[in-house]
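Report on the structure given below.
Residue numbers (my numbering): 1 to 114.
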């Protein structure tokens, strides 16, 4: 299994505290190795167990159980992120204003139209 970037949205803002040392411990307790975090962002790099979707869901549950709030976890491989950036359909005027938003699955037609 290769290293993945694990994104956890909206932590360490609005009272949703998630200490990075504890996040690393949680990820390791779920079977991840080579775990490191990036500043206090809630993002980490790790090599998860082979079932990455199950790891993401387990990390969500562990955070909710421990801290009392739910945060969606989305992980991507380096290759998946490179592909997403390469497929960016818009002209980039300033790179710092270009965004790629990761989803856990394909949105429904209704969600796209909303």
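Note that the Cβ used here is the ideal one computed from N, Cα and C, for glycine as well. It should be emphasised that the depicted structure is a prediction, and the values quoted were computed from it without experimental measurement.
From 10, 37, 89 and 18, pick the residue whose C-alpha is nearest to that of residue 100; which is it?
89
Considering Cα atoms alone, identify which of 75, 87 and 114 is closest to residue 103.
75
Considering residue 59, what are the terminal residues of the beta strand (DSSP E) in which it resides?
Not the beta strand (DSSP E): residue 59 falls in the alpha helix (DSSP H), residues 52-67.
Nearest to residue 6 by alpha carbon, out of 60, 87, 12 and 83?
60
With residue 70 and residue 64 assumed to form a contact (beta carbons below 8 Å), what rounded beta-carbon distance in angstroms separates them?
5 Å
Excluding the 5 residues preceding and the 5 following residue 77 in the sequence, name in chain order all residues of the same chain whose CB lies nearer than 7 Å to its CB.
2 and 4
Using CA coordinates, which residue listed in 87, 108 and 107 is at the minimum distance from residue 118?
The question about residue 118 has no answer here: the residues shown for the chain are numbered 1 through 114.
Can you check DSSP and say which residues form a bridge with residue 73?
8
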